Each structure stands twice: as structure tokens, then as C-alpha cells.
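Below is one structure; the comments refer to it alone.
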Amino acid sequence: MNLSELLTLSVQMVYAWVAFFVVTILYRFIERKALADIEARIGPRRVGMSGLFQPAVDWVKILAKAGYGNRSTDRPLLFIGSLMLLSALCALPLGGAFPLLDSSLNSWVPLILFFLMSQLFSLVDLRSGNLVSMLSGVRRLILFFGFFLPAVLSVLHVYLVSGGSSWAMILEQQQKSWMGWNALANPLGALSAFVFIISGVALASVHPFSVNSLTPRTLRAPLIEDFLSFFCFFLWSALSVGLFFGGPGSFSEYLPVWPFSILLLFKVLFLMMLVRMLGSSFSRLRMDQAVRLAWGFLVPLAAAILMLDSLWIVKRGLG
Amino acid sequence: MRRIDFIPSTQTAIRIGPIDPVLPGPMDLFLEMDGELIVSARVRTGYLHRGIEKVIQEGPWSAAPVAAGRLEGESPFFSEWVFCQAVESIMRLDLPERAQVIRITLAEITRILSHLGFLRRMAELLEITPLYHYCSRDREMIMDLLELVSGSRWGMNYCVVGGVREDVTDGFQDRVLDAVGEIRYRLKEYNDLFVFHRAATARLQETGWISKQQIYRFGITGPTARASGEAYDVRKEKGQQYRSLDFEIPLGSGRELNRGDVHDRVLIRLREVAVSLDILNQVCGSMPKGNWKAGEVGSPRQPLVAVAGEGFASVESPRGVLGCHVVSDGGKTPVRVHFITPSRNALSVVPLMLAGERLEDVGLLLASLDLSIGEADA
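Here the protein sequences line up with chains A and B, keeping their order. Heads up: the first sequence at position 279 corresponds to 279 in our numbering, and the numbers run straight through without jumps. Heads up: the second sequence at position 21 corresponds to 340 in our numbering, and the numbers run straight through without jumps.
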């Protein structure tokens, strides 16, 4: 890689990050307004036009209140997490120049980073040295062990169907199915998408699977935590869209694709919004209920899907 | 009680409190845990002790109902009411019918306010945010009514010995009836959520059992007792003011099972809101005309001085039977005032109820008893 290529790559990454932050603020505004409407409230309305800049101001406010943590906070771990998450952007099929990482295994990178990031707060809790915090860390770990397996099994379905694990192969295979979505290709695809979505929501610790951190406020860094949780959720949604809902799609000639595909971004944010809206009417699942859902329903379902996939592939091979 | 076979391992001790979001108020909860399961629990209260009874004993009779109203924040009308009733029983006062009806109206409005507060707390702990906001919205409507009557949304200072402080304003009954209609309509939604929403019922059912024997043993009253099948309600048993009204006392599944769980305690309060709405419909539909106070009692021309004697009264507050014992020697201040509060008794069942349950459910289980720590500490 020569200097000009490196510069181009750096500019693309920085531009993508800036675009991501702007989109985040817009999304946050829309989400807060929509949830407020559901909850018979007005929602943000003071800062900017109809409260458009309220999320940005909130971030500044948290920052001013030591939102980045203090001496007791596990800041190194949180900063490493933030960098890893931003790196995950490079390996996502966002359309345009993305994924920047060109490899036959490039879909594994954001997936592994997502799994790691989902456990970042467990590590923070476990390293806190506080008994109650460690309990919430253990809870997150238990949740992770429950939902990790069905998530991986459902992704394996996509790899089996696509014949590889690179984004190029996955997206190419999806174009052949109805609507260009793996989730609509056949019933197994739909079930796999269902398993991945439920498992991913649990791993991203989004309501109704959220685990309340019991770590004292003095040990926490609200701004970084808020950013990491949001981006973990975003990563899950981008992975779901990339694996099951057609990725950037085939409308690149009609819609702008730099730095992101607008269509992909819309799909990602819509999925996030849908989960938040549906989740808001559910009560939070207790740990044993969530674990029972994972081991008693999602794991057998994902395993059965994979077995049927194998049979289908063997039959196709024999045919 | 369920029998729990604990895995032998080193148990951990956790202290929750004195200030914690899962607690109903300032208190300490000492838990011994085996993993996620609670082996034993111990409660310590006293952080909110304000010496209300002593405050009343130190002040003049006319200021006593005001201080009595500070006994509990969520439904202050009941403690004012029960104190006034106790004093009226010493003085053998006969209240005008209008005063009694106004008191019943305010009592039922406050009961609805308290039960909606209970539902809001449950929604908060279950993390069903829309329901939390819906209950808040409906509570606003109720608090507007209280403000219309007394000028205050919380500490009302409305009940006085011999009646009520002021007559209700014109059109008050119509506004109450409008609110009754709206809440009845929304109650169906809340009922659907707590009865048919699988995610919510899965958290509420089969947890926090309280048997009928425990109800008797600890002297628990109110909706918690009725959820476990004990059909005692002061309004039916002793409430002379309620005698002319037609209403039913709802009972939980404890009627058949001899025990009630958290889900029963939620449903019983939903049904009690419906009962209160029925009562409000009856009293506001035909409010009698006349005085709202017995003669000149407590006015500047006739300062309130109770005759010597003892009086006891009890009312059915949203949390259970609230009793008040007053002793007077005919002087300017009461000699002795003592409140019997439902939360104090309900608090004593907490260790038994929590044993064998999960740490995650502690907040939900405590909230299901609708405890008021201010009332328990008095």
C-alpha cells in the first residue's frame, strides 16, 4: 500500500466516523421523538428546531459531568473498546468503498468484534472489585454463553448457503433470492434471521434483554458507555442487514453511496428503531427466563436449521 | 411455602439500602444469597421516623389533622380522615350527610391515585416504559381534582374535625364523573396488559407467595390480604358511611388457593380501582345538599377542644386498615395519639416472602406489597 492509498483510506475512515456521529445524533432525535409519542409525551423540543440538537447537547452535558470517567474508572478498557468498535466500521458492507478490509474472511471481523464488545461491560464489572458489580458482570456472561451459540449457528447458515464467509460472496448470493434478502430466500433463511435478531438483541443488551449494571456511578464513564452501547446496537443491526436483509442492495446507481449506502443506513436504523419500539412494550426478561429462551428454544432451533441446511447441501451434491 | 433445595456453597451477604432504587423508601435490606437465590432476608427501618404522633400531641387540636396528613405521602387524606373520625368519636359528633359524601369522594379519588401509583411503580420495575407514562398521565388528572378541591396536589389539609375544610366547588362532581369515564376506559388497557401480556405475567406469576396463614400471623390487611383470599374490608365491615352504597369487594386467587402471588396483588388493585370508580359514580351522581361541617366546630368562634375520653377509628386506606387511637383529657392538646399502619405489618412478612426468591425480583416483590416506609416509621 503506497502513501496515497493510505491517505485515501484514512480520509474515508475519518469521513465515515464523522458521518456516523451525525447520523447517530439524527437517529437519536427521531428515536426519542417516536418513543415519546408512544409514551404520550412530547419528547425533546428545546434545543434546535423541535429539539433536533438535544442528543448532541446531552452528550456535551454528560462530557462536562465527567462522562469520560474518573480515576476509578476502567478507562483503558473502555478506550480500547471504543477503538475496536470504530475499526469494525471498516469491515462492514456499508456500500461505496466499504468494506475497506478486503479478505475472504472479512465478515468474521465485525462479528467477532461484536461478540467481544458485547462482553466489554462484563469485563468492566468483573474488574471493578465490587461484589455487586461483579454479580452484574457474571449475569452478562451467563447471557452471553446462552445467546452466543444460536447467533453463531444462524451465521453459519448464511455461510453454508453463500458458500463462503466474505461479504462479496454473501451479498452476491443474496441477490439471487427473492427481494435480494437471505431472510426471504426460504423458510430456513427467515428462521435464521429470527434467531440472529433475537440473539443479537440479547448480546447487545438491548431491552427487553438489558442487564442493569450494578456498578456504582463513581466507577462508571457514562459518555463512553452510552457510545459503546449504542454502537454495539448499531453493529448488530448492520450485521443483521448485511447477512439477512440484502446489505447495501442493488440501487447504488440511483442513491448516493459515499461514504455509506443511504439504503443500507436506512435499513440499519429502521431495524434498530423497530426493535426499540417493539421492545418498549415488553417487560424486561429475568435472567433465568432469558437463559431458558436461549437454551430451550433458540439453540435447538438454530441447530435444527443447520442440520436441514446440511441435508439440503448433501442432497444438492448428490443431485 | 415452596421448599428450596439449596446447593451447599459459600453464601454471600448483600446489604441493599438505605437509599436504593429497588427499595420502597429509606430502609436497609440485608440478604444472604446463594448464587442468585435469597436464603434469608432481614429488614431494618427507622430512617424516616419523624415522630408524627409526638408532633400531634405537642400541638393544638386544630393543627392535628394537618400533622396527621404527613403520615404518608401517597394518600394523605386517609390519615387526616382517620384522625378526625377518632376525635369525632370522642366528641360524639354527628356529621352532615354532605360532609360524609365529600369525604368518601375524596377517599376514593385518593385510593385511585395511590393504586395508579402502584401500577406505575410495577411498570417501572418491569421496565414497561409506556405504561409508566400512561399511569403518570392518569394520575395528573386525579391530582388536578385534588387541587381543585383543596388547592394542593399532595398534602391536602382538607379533612377537619366535624367535616371538611371547605365545600367542593361548583362543577366538581361533573369533573369527577368525566375523570371516572376516562380512567374506566384506560383501565381496560392496563387490565389487558397485566392479564394477557405473556412477558409481563411471566415475571409476576408464581413468585412472592403470601399464604392466608401468614396474613393472619402478621396481621396484614388491605389489597395484599385480599389477594391471598382474606375478604376483610373496613368499608364493608364497619364503614357506616359506605352502608348505602352498592359495591363488591374483589378477591384474588387466594380464595381458592389460600395464597396469593405478585400477579394477584396487581390484579386486585386493578379491580379495586374499578370498584372505586363505581363508588364515585354513585356518590357524585347524587351528592346531597346541605352543610359540609357539623355546626361551628373548629371555627374561630368555637375553638376545637375535645372532651375527655378515648376514641378509636379505622379506615380502609389503599394499603390496608389504618387505625388511630386518640386519648383526650379535655385539654388543649391530645394526651396520646397512636396510629396503626398497614405498612408496618406488611413489612414484617418481607423476610419470609423473599426467602427462596431471586435477587432480580427483590424490587418487584417489595413493590407488590405497596409499602410506605414513611407510614411504617411514622
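Don't be surprised by glycine CBs; every beta carbon is placed ideally from N, CA and C. Note that this is a predicted model, so its numbers are computed, not measured.
Measuring alpha carbon to alpha carbon, tell me which of the options ends up nearest residue i.
i	options	result
proline 150/A	Met117/A, Gly137/A and Leu191/A	Leu191/A
leucine 111/A	Val211/A, Arg46/A and Pro93/A	Pro93/A
glycine 95/A	Val132/A, Asn182/A, Asn186/A and Ala16/A	Ala16/A
isoleucine 30/A	Val14/A, Met13/A, Ser4/A and Pro55/A	Pro55/A
lysine 557/B	Gly354/B, Gly649/B and Val401/B	Val401/B
leucine 438/B	Leu506/B, Asn610/B and Thr331/B	Leu506/B
phenylalanine 631/B	Leu348/B, Leu690/B and Ser647/B	Ser647/B
leucine 308/A	Phe145/A, Phe194/A, Val18/A and Leu188/A	Leu188/A
Along the chain, where does the beta strand (DSSP E) that runs through residue i open and close?
i	result
threonine 652/B	Counting along the chain, threonine 652/B falls outside any beta strand (DSSP E), and DSSP gives it neither H nor E.
threonine 331/B	331-335
glycine 628/B	628-636
serine 691/B	Unbroken run through serine 691/B: none, as it is neither H nor E.
phenylalanine 295/B	In this structure chain B extends from 320 to 697, so residue 295/B is not present and cannot be described.
valine 358/B	356-363
Using only the alpha-carbon positions, how far apart do residue i and residue j sit?
i	j	result
valine 362/B	valine 374/B	26 Å
leucine 171/A	alanine 304/A	24 Å
glutamine 532/B	histidine 582/B	19 Å
leucine 239/A	glutamate 567/B	56 Å
isoleucine 326/B	arginine 677/B	The predicted position of isoleucine 326/B is uncertain, since its pLDDT is 48 and thus under 50; a value taken from the coordinates is nonetheless stated next. Going from the Cα of isoleucine 326/B to the Cα of arginine 677/B covers about 14 Å.
serine 381/B	valine 406/B	11 Å
arginine 590/B	lysine 608/B	31 Å
alanine 34/A	isoleucine 25/A	14 Å
proline 415/B	alanine 613/B	6 Å
proline 300/A	isoleucine 428/B	52 Å
tyrosine 561/B	tyrosine 551/B	15 Å
arginine 321/B	glycine 675/B	Residue placement at arginine 321/B is poorly supported in this model, since its pLDDT is 46, which falls under 50; the coordinates are not used for a value here.
leucine 512/B	alanine 426/B	27 Å
methionine 346/B	arginine 139/A	26 Å
valine 480/B	valine 585/B	34 Å
leucine 131/A	alanine 418/B	57 Å
leucine 367/B	leucine 666/B	14 Å
glutamate 485/B	glycine 538/B	36 Å
methionine 179/A	glycine 249/A	9 Å
arginine 663/B	valine 634/B	16 Å
isoleucine 371/B	phenylalanine 397/B	15 Å
alanine 695/B	glutamine 289/A	34 Å
leucine 685/B	proline 395/B	21 Å
Step through the CB atoms of chain A and report whether any lies within less than 8 Å of the CB of residue i.
i	result
isoleucine 502/B	no
isoleucine 333/B	yes
glutamate 676/B	no
aspartate 680/B	yes
threonine 424/B	no
histidine 582/B	no
leucine 445/B	yes
tyrosine 509/B	no
leucine 684/B	no
glutamate 355/B	yes
Compare the C-beta of residue i with all C-beta atoms of chain B and state if any pair is closer than 8 Å.
i	result
histidine 157/A	no
leucine 143/A	no
proline 208/A	yes
leucine 40/A	Per the sequence presented here, residue 40/A reads as alanine, with leucine not at that position. Judged by the 8 Å Cβ criterion, alanine 40/A is in contact with chain B.
leucine 131/A	yes
serine 136/A	no
methionine 287/A	yes
phenylalanine 233/A	no
serine 280/A	yes
arginine 46/A	no
arginine 284/A	yes
May I ask which residues mark the beginning and end of the alpha helix (DSSP H) holding residue i?
i	result
alanine 418/B	416-445
histidine 644/B	Unbroken run through histidine 644/B is the beta strand (DSSP E), 639-647; no alpha helix (DSSP H).
asparagine 664/B	661-666
glutamate 393/B	Where glutamate 393/B is concerned, there is no enclosing alpha helix (DSSP H), given that its DSSP letter is neither H nor E.
glycine 189/A	187-203
glutamine 174/A	167-176
isoleucine 375/B	371-377
tryptophan 108/A	108-118
tryptophan 380/B	Note, tryptophan 380/B: premise wrong, no alpha helix (DSSP H); not H, not E.
At a cut-off of 7 Å, would you count residue i as near the ligand ZN, judging by its Cβ distance to the nearest heavy atom?
i	result
isoleucine 224/A	Among the components modelled here there is no ligand, and therefore nothing to report on the ligand ZN.
- request: Only counting runs of 4 or more residues, tell me where the alpha helix (DSSP H) segments fall wholly within the segment 127-154 of chain A, in order along the chain.
  value: none
message: Please give the ranges of any alpha helix (DSSP H) in the segment 556-612 of chain B, keeping only runs that are unbroken, at least 4 residues long and fully inside the region.
response: Runs of the alpha helix (DSSP H) inside the segment 556-612 of chain B: 573-576 and 581-604.
Contained alpha helix (DSSP H) runs [length at least 4] in the segment 472-525 of chain B, N- to C-terminal order: The qualifying runs are 491-515 and 517-523.
message: Going residue by residue through the segment 239-313 of chain A, where are the continuous alpha helix (DSSP H) segments of at least 4 residues, counting only ones entirely within it?
response: 262-280 and 287-293
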